[in-house]
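Enquirer:
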Amino acid sequence: MNDLTTEECELIGALIGDGHIYRKNHKYIVGFTGHQITDKEYYLKLKQLIWIAWGKKVNLKFRENAIRIQFDSLEIVQRLIGRFKIPANKGKGSKVVIPEEISNNWNFLRHTLRGIVDTDGSIFIADKPGSPQYPSIEITTTSKKLAFQIREKLLEQGFRAANIWSYCSKLSKLRAYKIPLNGRTNLKKWVAEIGFSNPYKLNRALIAL
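full-length UniProt numbering applies: residue 1 is where the sequence shown begins, and numbers increase by one.
Written out as structure tokens, the structure is:
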């Protein structure tokens, strides 16, 4: 498991988005949490990626409105923390960035961006004057560094990323940052060059196109 693969890059993206690493008292846990209904098919895909990239057989767990994947692995936790500098325990969301090893390679990076948007991205349609059914992708994160890193890399690849805007919600003390990719040109480019592994979000994107 020394070589970095596109499957692992996509998992790192999903981990950045909706995952967590727990390391304490000889416990070494990697986990992902999603929506029980809209993310169910996607979590079957995550299960396959975990087997391909890390050789771990995992099960889906359902609780209330959530779907979870969780497994224990000292080797994988040490790899994620040591090689890729993914923060463990509380505070991951506000500190995480895409590892340099990935961000400097577009083929790796596009798979990581796919994982981030599959978990922390939104695709929606709005009616604007002169532009009915106007589609947008929005990526939301509580890591300011990650938000600006993503925007910079998308601009380098020819995406027209709008300015980042931030807000504080009533549900969290952390400030959130949104990277908007507005319009059909951006959405078409995303589908063609990055894509979605989350069937729910892919379907929303195709409807918008």
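The C-beta atom is built at its ideal place from N, Cα and C for all residues, glycine as well.
Would you call Asn186 buried or exposed, if buried means 16 or more other Cβ atoms sit within 10 Å of its Cβ?
Expert: Counting Cβ neighbours within 10 Å, Asn186 comes out buried, since at least 16 surround it.
Enquirer: What runs of the beta strand (DSSP E), each 3 residues or longer, lie entirely inside the UniProt domain "DOD-type homing endonuclease" (11–159)?
Expert: 19–24, 27–35, 61–63, 66–72, 121–128 and 131–141
Enquirer: For Phe32, does the count of other Cβ atoms within 10 angstroms reach 16, so buried, or fall short, so exposed?
Expert: buried
Enquirer: Can you grab the Cα-Cα spacing for the pair Asn206 / Tyr42, in whole Å?
Expert: It is worth fixing the name first, because residue 206 is Leu in this sequence and not Asn. Their Cα atoms are separated by approximately 16 angstroms.
Enquirer: What are the boundary residues of the alpha helix (DSSP H) that includes Lys178?
Expert: Counting along the chain, Lys178 falls outside any alpha helix (DSSP H), though it belongs to the beta strand (DSSP E) covering Arg175 to Asn182.
Enquirer: Spell out the partners DSSP gives Tyr200 in its beta bridges.
Expert: Tyr200 is not bridged to any residue.
Enquirer: Since Cys168 sits in a beta bridge, which residues does DSSP pair it with?
Expert: Arg175
Enquirer: Compute the distance between the beta-carbons of Val97 and Ser143, then report whether it is under 8 angstroms.
Expert: Taking 8 angstroms as the Cβ cut-off, Val97 and Ser143 qualify as a contacting pair.
Enquirer: Who are the Cβ neighbours of Ile16 in its own chain at under 6 angstroms, not counting the five residues just before and after it?
Expert: Val96 and Ile116
Enquirer: Could you pull out every residue in the same chain whose Cβ sits closer than 7 angstroms to the Cβ of Pro87, ignoring the five residues on either side in sequence?
Expert: Lys95 and Val96
Enquirer: Starting from Ala161, follow its DSSP beta bridges and name the residues at the other end.
Expert: Leu181
Enquirer: CA-CA distance, Arg51 and Leu11?
Expert: The displayed chain sequence assigns Trp, not Arg, to residue 51. A direct Cα-to-Cα measurement between Trp51 and Leu11 gives close to 11 angstroms.
Enquirer: Within the same chain, show all residues whose beta-carbon is closer than 6 angstroms to that of Glu8, passing over the 5 residues directly before and after it, in chain order.
Expert: Ala53
Enquirer: Looking at C-alpha atoms only, which residue of Pro129, Phe159 and Arg204 is the closest neighbour of Asn182?
Expert: Phe159
Enquirer: For Thr5, does the three-state DSSP call read helix, strand or coil?
Expert: Here Thr5 carries a coil assignment [DSSP, helix/strand/coil].
Enquirer: Could you give the DSSP three-state label for Ile207: helix, strand or coil?
Expert: helix
Enquirer: Anyone know if the C-beta pair for Asp179 and Ile125 falls short of 8 angstroms?
Expert: According to the sequence as given, residue 179 is Ile; it is not Asp. Contact flag unset, no.
Enquirer: Between the alpha carbons of Lys188 and Leu209, how many angstroms are there, rounded?
Expert: 7 angstroms
Enquirer: Whole angstroms are fine: how far does the CA of Asn65 sit from the CA of Glu75?
Expert: 31 angstroms
Enquirer: Can Trp106 and Gln157 be called in contact, C-beta distance under 8 angstroms?
Expert: yes
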